[in-house]
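Peer 1: The following block contains the structure, expressed as structure tokens.
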Ligand code: C2E
Ligand code: CA
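Okay, here's the thing in structure tokens:
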């Protein structure tokens with residue numbers, strides 16, 4: 301999506317995942333809010349605000365649709381990953397929503413991966429399992445985001461994950477902490493035996509990469525291989541020219557836009 305970034309806007313940035321040889325195999329979509337007054341706000345700051353008001357659900361629906369619309373335009377059929385909010389499991393009929401979005405955008409189901417965290421499964425694990433099984437049957441891939449807990453073997457046995465992503469705080473401690481290296485080793489053993497693809501998040505150094513490669517990690521994500529950026533920055537990877545990236549923005553739902561504008565007003569009042 302192209303944005304002038306001059307006013308209040310929500311856009312998607314993309315971060316590549318590469319194999320250990322450095323070839324890009326997929327992109328993760330990450331929301332960016334450019335606030336009229338404050339400039340860019342990190343999702344870590346704004347997502348809790350949208351979660352409190354439950355507007356995270358329509359906002360995440362928007363992100364899903366926009367990411368599929370973006371990916372369908374890439375000349376190379378790379379995979380696109382979209383983060384799901386735990387609230388979408390509670391409030392949305394996810395299999396129906398995803399089927400509708402795939403149908404509307406024309407993206408092949410196999411190119412879409414949904415990233416979910418353990419927290420999303422905790423609220424209603426039976427409902428989550430039904431939803432994930434239906435999504436897998438549609439051909440959509442499911443990744444477990446931020447793996448690193450002791451529950452990993454149980455999660456992998458009970459849910460249809462095709463990929464797990466090792467948490468950034470585990471990866472960032474690889475050089476300094478033997479226990480972080482043991483966790484990586486344990487994740488590799490469990491995931492390997494269940495034929496699940498393993499990705500490492502937040503890889504920033506050559507030493508981390510070397511250890512992950514030695515352990516047999518399949519995919520790498522992090523500043524070492526690429527920071528999140530507008531998809532135009534990756535034109536050489538997607539095989540597009542800038543003309544191919546002509547705007548295809550899906551509009552943010554009105555009530556979400558109104559909330560964003562209101563957040564701005566509250567801030568003006570606080571400052572004034
Ligand atoms: P996440 O899914 O864990 O996404 C990875 C975060 O780590 C991103 O932060 C990314 O910019 C950052 N990152 C990537 N590589 C490195 C690295 O090498 N070092 C460091 N220090 N950081 C790295 P970001 O973009 O701020 O996103 C934060 C979180 O916001 C995401 O965490 C995800 O939970 C949530 N989020 C982002 N977009 C969406 C969305 O569309 N829907 C939902 N529901 N959540 C989203
Ligand atoms: Ca993620």
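In our numbering, the protein residues as written are 301 to 572. For glycine and all other residues, C-beta sits at the position ideal for the given N, C-alpha and C.
Do the region 508-528 and the region 464-475 meet, that is, are 3 or more Cβ pairs less than 8 Å apart?
Peer 2: yes
Peer 1: Taking the alpha-carbon of residue 524 as reference, which of 384, 315 and 410 has the nearest alpha-carbon?
Peer 2: Mapped onto the chain shown, residue 524 falls at position 224. Nearest option by C-alpha distance: 315.
Peer 1: Do residue 538 and residue 374 have their beta-carbon atoms positioned less than 9 Å apart in this structure?
Peer 2: Start at 1 with the first residue of the chain shown, and residue 374 comes out as number 74. Start at 1 with the first residue of the chain shown, and residue 538 comes out as number 238. A contact, by the Cβ cut-off of 9 Å.
Peer 1: Check for me: the beta strand (DSSP E) holding residue 318 runs from which residue to which?
Peer 2: Position 18 of the chain shown, counting from 1, holds the residue named residue 318. Residues 309-319.
Peer 1: According to the neighbour-count rule (16 or more other Cβ atoms, all chains shown, within 10 Å of its Cβ), is residue 415 buried or exposed?
Peer 2: Residue 415 sits at position 115 when you count from the first residue of the chain shown. That one is buried.
Peer 1: Are the region 336-351 and the region 402-420 touching by the rule of at least three beta carbon pairs closer than 8 Å?
Peer 2: Too few Cβ pairs lie closer than 8 Å, so no.
Peer 1: Determine, using beta carbons only, whether residue 526 and residue 468 come nearer to each other than 9 Å.
Peer 2: Here residue 526 refers to the residue found at position 226 of the chain shown. Here residue 468 refers to the residue found at position 168 of the chain shown. Contact flag unset, no.
Peer 1: Which whole-angstrom value is the C-beta distance of residue 484 and residue 470, which I expect to be below 8 Å?
Peer 2: Reading the chain shown from its first residue, position 184 is the one you call residue 484. Reading the chain shown from its first residue, position 170 is the one you call residue 470. Contact flag correct, Cβ pair sits at about 6 Å.
Peer 1: By Cβ distance, which residues of its chain are closer than 8 Å to residue 545, with the 5 residues on each side in sequence left out?
Peer 2: The sequence position of residue 545 within the chain shown is 245, counting from 1. Contacts found: 302, 373, 531, 532 and 535.
Peer 1: Could you check if residue 392 belongs to the surroundings of ligand 1, using beta carbon to heavy atom distance under 8 Å?
Peer 2: In the chain shown, counting from the first residue as 1, residue 392 sits at position 92. Checking every heavy atom of ligand 1 against the Cβ of residue 392, none is found closer than 8 Å.
Peer 1: Look up residue 543 in the DSSP assignment and say whether it is helix, strand or coil.
Peer 2: On the chain shown, residue 543 is found 243 positions in, with the first residue counted as 1. Collapsing the DSSP output to three states places residue 543 in a helix.
Peer 1: Here's the rule: buried if 16 or more other CB atoms are within 10 angstroms of the residue's CB, otherwise exposed. What is residue 327?
Peer 2: Here residue 327 corresponds to residue number 27 of the chain shown, with the count starting at 1. Result: buried.
Peer 1: Candidates 421, 448 and 465: which alpha carbon is nearest residue 479's?
Peer 2: The sequence position of residue 479 within the chain shown is 179, counting from 1. Residue 448 is the option with its Cα nearest to residue 479.
Peer 1: Grab the span of the alpha helix (DSSP H) containing residue 492 for me, first residue to last.
Peer 2: By 1-based counting over the chain shown, the position of residue 492 is 192. Where residue 492 is concerned, the enclosing alpha helix (DSSP H) stretches over 478-493.
Peer 1: Can you tell me the Cα-Cα spacing of residue 563 and residue 436, whole angstroms?
Peer 2: Counting from 1 along the chain shown, the entry for residue 563 is found at position 263. Counting from 1 along the chain shown, the entry for residue 436 is found at position 136. Computed Cα separation, rounded: 37 Å.
Peer 1: Between the C-alpha atoms of residue 304 and residue 451, what's the straight-line distance to the nearest angstrom?
Peer 2: The residue labelled residue 304 in the question sits at position 4 within the chain shown. The residue labelled residue 451 in the question sits at position 151 within the chain shown. With a pLDDT of only 38 at residue 304, under the threshold of 50, the placement of this residue in the model should not be trusted, and no figure is reported.
Peer 1: Nearest to residue 379 by CA position, among 491, 561 and 318, is which residue?
Peer 2: If you number the chain shown from 1, residue 379 lands on position 79. Nearest of 491, 561 and 318 to residue 379, Cα basis: 318.
Peer 1: Using a C-beta cutoff of 9 Å, does residue 492 count as contacting chain D?
Peer 2: The chain inventory of the structure shown lacks chain D, comprising one protein chain alone.
Peer 1: Below 7 Å CB to CB, which residues in the same chain sit around residue 407 once its five sequence neighbours on both sides are set aside?
Peer 2: Here residue 407 corresponds to residue number 107 of the chain shown, with the count starting at 1. Cβ neighbours of residue 407 beyond the five flanking positions: 368, 371 and 372.
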